[in-house]
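Written out below as structure tokens is the structure these notes cover.
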Amino acid sequence: HHTTADGHMAEKEETTLPKATISKMIREIMPSNLKCANDTRDLLLECCVEFIHLLSSEANEVCNKENKRTISAEHVLKALTALGFDEYKKEVNEAYGKHKTEIMGKPKGTKKLEHLGIPEEKLLEEQQLLFAKARSALSRSQDGLPEGNNE
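For the sequence shown, the numbering used here begins at 3 and goes up steadily by one.
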């Protein structure tokens, strides 16, 4: 159990990272002629989770001190400094820059309609028909008439 920001007791959420992700990181870092025991991998996993928890808690404190409601990348960078991990800031900035570049390349939700294969005119026509049906149903309900299909 832990205490939430509003002072209530809360169940501690079971947070972890996928073991496959940690195993992949270990394989990428370690020489190919070395193996990592499962209990060592599990310990590294726990360390990673604890580090993320520590960093996010500190970033949350930085965010709160600035009277913000959303933790930003800048809050995470300030948290790294506060925790004595300045040596990670360059790599974190590079990863964040790469992430922003990847996000900019992906279509936003507003472009989803383009991938439906239905012409915009047809979609607008269907939308107007639905609006007309809704107006008719509303009008009928306000007049006390039973709802009917007005096609």
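Idealized CB from N, CA, C, for every residue including glycine. Only a predicted model underlies this, so the values are computations on that prediction, with no experimental measurement involved.
Check: If we ignore side chains and look at the alpha-carbon of each, how far apart do T72 and E48 end up?
Finding: Along the sequence shown, one-based indexing puts residue 72 at 70. Along the sequence shown, one-based indexing puts residue 48 at 46. Each residue's alpha carbon lies about 26 Å from the other.
Next item on the list: Kindly give me the distance between the Cβ atoms of A81 and L57, rounded to whole angstroms, as I take these residues to be in contact under 8 Å.
Entry: Here residue 81 refers to the residue found at position 79 of the sequence shown. Here residue 57 refers to the residue found at position 55 of the sequence shown. 6 Å between Cβ atoms; contact.
Note to self: Relative to the C-alpha of D44, which candidate in S143, L19 and M32 has its C-alpha closest?
What the structure shows: Here residue 44 refers to the residue found at position 42 of the sequence shown. Per the Cα distances, L19.
Note to self: Is it buried or exposed, I120, if we count other Cβ atoms within 10 angstroms and call 16 or more buried?
What the structure shows: Your numbering for residue 120 matches position 118 in the sequence shown. Exposed, since its Cβ has fewer than 16 Cβ neighbours within 10 Å.
Check: DSSP state of C49, grouped into three classes?
Finding: Along the sequence shown, one-based indexing puts residue 49 at 47. In the structure shown, C49 sits in a helix (DSSP, three-state: H, G or I).
Item checked: Start and end residues, alpha helix (DSSP H) containing Y98 -> By one-based count along the sequence shown, residue 98 stands at place 96. It spans K91 to G107 - the alpha helix (DSSP H) in which Y98 sits, taken as one unbroken run.
Notebook entry, point to check: If we ignore side chains and look at the alpha-carbon of each, how far apart do L46 and E68 end up?
Noted result: Position 44 of the sequence shown holds residue 46. Position 66 of the sequence shown holds residue 68. Answer to the nearest angstrom: the Cα atoms are 33 Å apart.
Note to self: Rounded to the nearest angstrom, what separates R137 and Q130 at their Cα positions?
What the structure shows: In the sequence shown, residue 137 corresponds to position 135, counting from 1. In the sequence shown, residue 130 corresponds to position 128, counting from 1. If I take the Cα positions, the gap works out to 10 Å.
Item checked: Inter-residue Cα distance where the pair is F87 and G99 -> As a position in the sequence shown, residue 87 is number 85, starting the count at 1. As a position in the sequence shown, residue 99 is number 97, starting the count at 1. Cα-Cα distance, rounded: 19 Å.
Checklist line | L125 versus A134: straight-line alpha-carbon distance, rounded | finding: Counting from 1 along the sequence shown, the entry for residue 125 is found at position 123. Counting from 1 along the sequence shown, the entry for residue 134 is found at position 132. Distance between the alpha carbons of L125 and A134 is about 14 Å.
Note to self: I need the boundaries of the alpha helix (DSSP H) containing E30, first residue and last residue.
What the structure shows: In the sequence shown, the residue the question calls residue 30 occupies position 28. Start and end: K21 to I31.
Item checked: Cα-Cα separation between M27 and H77, rounded to whole angstroms -> On the sequence shown, residue 27 is found 25 positions in, with the first residue counted as 1. On the sequence shown, residue 77 is found 75 positions in, with the first residue counted as 1. Those two C-alpha atoms are separated by around 26 Å.
Check: Is the CB-CB distance between A84 and E52 below 9 Å?
Finding: If you number the sequence shown from 1, residue 84 lands on position 82. If you number the sequence shown from 1, residue 52 lands on position 50. The answer is no: Cβ separation not under 9 Å.
Item checked: Same chain only: Cβ atoms within 6 Å of C38, ignoring 5 sequence neighbours per side -> For the purposes of this step, residue 38 is identified with residue 36 of the sequence shown, where counting begins at 1. Closer than 6 Å at the Cβ level, and outside the excluded window around C38, lie I28.
Checklist line | Rounded straight-line distance, which links the Cα of N66 to that of E34 | finding: Walking along the sequence shown from the start, residue 34 turns up at place 32. Walking along the sequence shown from the start, residue 66 turns up at place 64. As written in the sequence, residue 34 is Ser, which differs from the Glu given in the question. Roughly 45 Å between the two C-alpha positions.
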